[in-house]
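Student: In our numbering, the protein residues as written are 2 to 90. Beta carbons are placed, not taken as given, at the ideal position from N, Cα and C, and that holds for glycine. Please read these numbers as outputs of a predicted model, since none were measured by experiment. The structure's right below; bear with me while I get my questions together.
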Amino acid sequence: MAKTDKAGKDPSYGEASARLEEILHRIEEGQVDIDELSGLVREAANLVTLCREKIHAAEVQVRTITEQLERGAPTADPGGEDTASEPPF
């Protein structure tokens, strides 16, 4: 998987995306030694996988919330709190 931060958790989508941009820029500019290239490509592949997983998870959450709203059912935030009584804005 992708490199984890100091706390041992996966980077956020933004962090992973920024790291991918950095890797891509270094490769495109020829700033990568051949001995380092395979490691960077492996890291980039792991970051792409992580980003895809995060996008999929967000899609599932949005789909679930919108389906609940369409049914008129209360929605719960990721912390488990009921948000049905909160205004929609």
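1. With DSSP as the reference, label residue 15 as helix, strand or coil.
2. Three-state secondary structure (DSSP) at residue 34?
3. Classify residue 3 as helix, strand or coil using the three-state DSSP reduction.
4. Rounding to the nearest angstrom, what Cα-Cα distance links residue 2 and residue 23 in this structure?
5. Does residue 17 pass the burial test, meaning 16 or more other C-beta atoms within 10 Å, or should it be called exposed?
6. If distances are taken between C-alpha atoms only, which option among 51, 56, 53 and 25 comes closest to residue 42?
7. So, for residue 45: in the same chain, excluding its five sequence neighbours on each side, which residues have a beta-carbon less than 7 Å away from its beta-carbon?
Tutor: In terms of the structure at hand:
1. Position 14 of the sequence shown, counting from 1, holds the residue named residue 15. It is helical.
2. As a position in the sequence shown, residue 34 is number 33, starting the count at 1. In the structure shown, the three-state DSSP call for residue 34 is coil.
3. The sequence position of residue 3 within the sequence shown is 2, counting from 1. Since pLDDT at residue 3 reaches only 49, below the 50 mark, its modelled position is unreliable, and the value read off the structure follows with that caveat. It is coil, neither helix nor strand.
4. For this step, residue 2 is matched to residue 1 along the sequence shown. For this step, residue 23 is matched to residue 22 along the sequence shown. Caution applies to residue 2, whose pLDDT of 44 falls short of 50 and renders its modelled position unreliable; the model cannot decide the point.
5. Taking the first residue of the sequence shown as 1, we reach residue 17 at position 16. Residue 17 should be labelled buried.
6. In the sequence shown, counting from the first residue as 1, residue 42 sits at position 41. The shortest C-alpha separation from residue 42 is found at 25.
7. By one-based count along the sequence shown, residue 45 stands at place 44. For residue 45, where only same-chain residues beyond five positions count, the Cβ hits under 7 Å are 21 and 24.
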